[in-house]
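What follows is a set of notes on a single structure, which appears directly below.
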Amino acid sequence: MALPHLLLFDIDGTLLNTGGAGMRAFVTAFEELYPDKVAGQGGVPDIDFAGSTDSGIVMGMFEQLQIADSSEERERFYETYLGLLKANMNASTDKGSLLNGVGELLERLNGYYRDGKVLPGLLTGNIAAGARVKTDCYGVSEYFHFGAYGDDHHDRNQLGPVAVQRASDFFGRDLTSAPVTVIGDTVKDIRCARAFGAHVLAVATGSISLSELGVHEPDILLETLGDVDGVLAQLRIS
910 MALPHLLLFD IDGTLLNTGG AGMRAFVTAF EELYPDKVAG QGGVPDIDFA GSTDSGIVMG
970 MFEQLQIADS SEERERFYET YLGLLKANMN ASTDKGSLLN GVGELLERLN GYYRDGKVLP
1030 GLLTGNIAAG ARVKTDCYGV SEYFHFGAYG DDHHDRNQLG PVAVQRASDF FGRDLTSAPV
1090 TVIGDTVKDI RCARAFGAHV LAVATGSISL SELGVHEPDI LLETLGDVDG VLAQLRIS
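Position in the sequence shown (first residue = 1) + 909 = my numbering.
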């Protein structure tokens, strides 16, 4: 029996756009939990969200704001952040959307999943609970059967092997020799794929331009996922 092709999707900027709901939740959580520290810095320092892990962002912000880092303090932050994220996602002003072609692509891939040809999962900087909030909101959680998340490790380059192990656990068979493609919209997605020997499809639907992504020589480079037949052909799925 042939091994399925593992497809590891990033979320923000690749599958969907939350309209800034996640970024605002992060900033507001810091303002609510650490008002004196934030005021002392003249506001929440700039955050590089593109391709970063939530835990990496939190650790970096704790350092900048001189907040003692601990698992307990991170959990306290995540609890506040998740409450704000849910509220923002439910607010009409924060309604984002699935990106062009994503709904059709996931539905088509679901047919190939039922045929045993592909195994779609997530590889994202979001913490697992935040990933679920976002994918639930846009009705795509059902398409993903495993994942590696920003609370598994602060370094995105360490998440690939986690995803493959979880895919193996889900599938009930060792998938370390299965073909793997990471699908993401940032340079950090490309570097993450290279870190564990995976192929990478880079798509310019986030904050990074097509030309900048191209400098890093992904295996596949697309402007959008809108041409679903073309995407499947590039992934050699039929």
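We put the beta carbon where it would ideally sit given N, CA and C, even for glycine.
Residue(s) in a DSSP beta bridge with residue i
i            : result
residue 999  : According to DSSP, residue 999 bridges with nothing at all.
residue 1092 : 918, 1110
residue 1009 : Answer is none; residue 1009 lacks a bridge partner.
residue 1056 : 1031
residue 925  : 921, 1007
Same chain, Cβ closer than 8 Å to residue i, neighbours up to 5 away in sequence not counted
i            : result
residue 1064 : 962, 965
residue 1103 : 1109
residue 943  : 974, 976
residue 1049 : 924, 925, 1007, 1011, 1012, 1015
Pick from the options that is closest to residue i, judged by C-alpha positions
i            : options                : result
residue 1046 : 1089, 921, 1094        : 921
residue 1140 : 1013, 1080, 1038, 995  : 1013
residue 1072 : 1106, 1051, 1031, 1052 : 1031
residue 1147 : 1105, 1024, 1062, 947  : 1024
residue 1040 : 991, 1074, 910         : 991
residue 995  : 927, 1057, 1121        : 927
residue 1069 : 1049, 1053, 1101, 1093 : 1101
residue 972  : 911, 1134, 946         : 946
residue 1021 : 1053, 956, 1061, 1106  : 1053
residue 950  : 1043, 1026, 1093, 940  : 940
residue 1095 : 948, 1000, 958         : 958
residue 1005 : 1017, 1019, 1043, 1035 : 1043
residue 936  : 981, 910, 997, 980     : 997
Limits of the unbroken alpha helix (DSSP H) element including residue i
i            : result
residue 937  : 930-942
residue 1070 : 1068-1080
residue 1133 : Residue 1133 -> no alpha helix (DSSP H), and no H or E assigned at all.
residue 964  : 963-974
residue 1039 : 1037-1046
residue 1049 : First-last for residue 1049: undefined, no H or E at that position.
residue 1121 : 1119-1124
Range of the contiguous beta strand (DSSP E) that encloses residue i
i            : result
residue 1027 : 1027-1032
Same chain, Cβ closer than 7 Å to residue i, five either side skipped, listed in chain order
i            : result
residue 1076 : 915, 1028, 1030, 1055, 1084
residue 938  : 986, 989, 990, 993
residue 978  : 968, 971
residue 1017 : 1137, 1141
residue 1145 : none
residue 1132 : 1113, 1119
6 Å Cβ shell around residue i - same chain, five flanking residues per side excluded
i            : result
residue 1143 : 1129
residue 1105 : 1069, 1070
residue 1123 : 1130
Count the C-beta pairs between the region 1106-1114 and the region 1125-1134 that are closer than 8 Å, then say yes if the count reaches three, no if not.
-> Touching, yes.
Does the pairing of the region 1076-1088 with the region 922-941 give three or more beta-carbon distances under 8 Å?
-> no
Meets three-Cβ-pair contact criterion under 8 Å: the region 1007-1022 and the region 1067-1085 | Note that the region 1007-1022 does not touch the region 1067-1085; fewer than 3 beta-carbon pairs, one per stretch, sit closer than 8 Å.
Counting Cβ pairs, one atom from each stretch, are 3 or more of them under 8 Å apart for the region 978-998 and the region 910-919?
-> With the cut-off at 8 Å, the region 978-998 and the region 910-919 do not touch.
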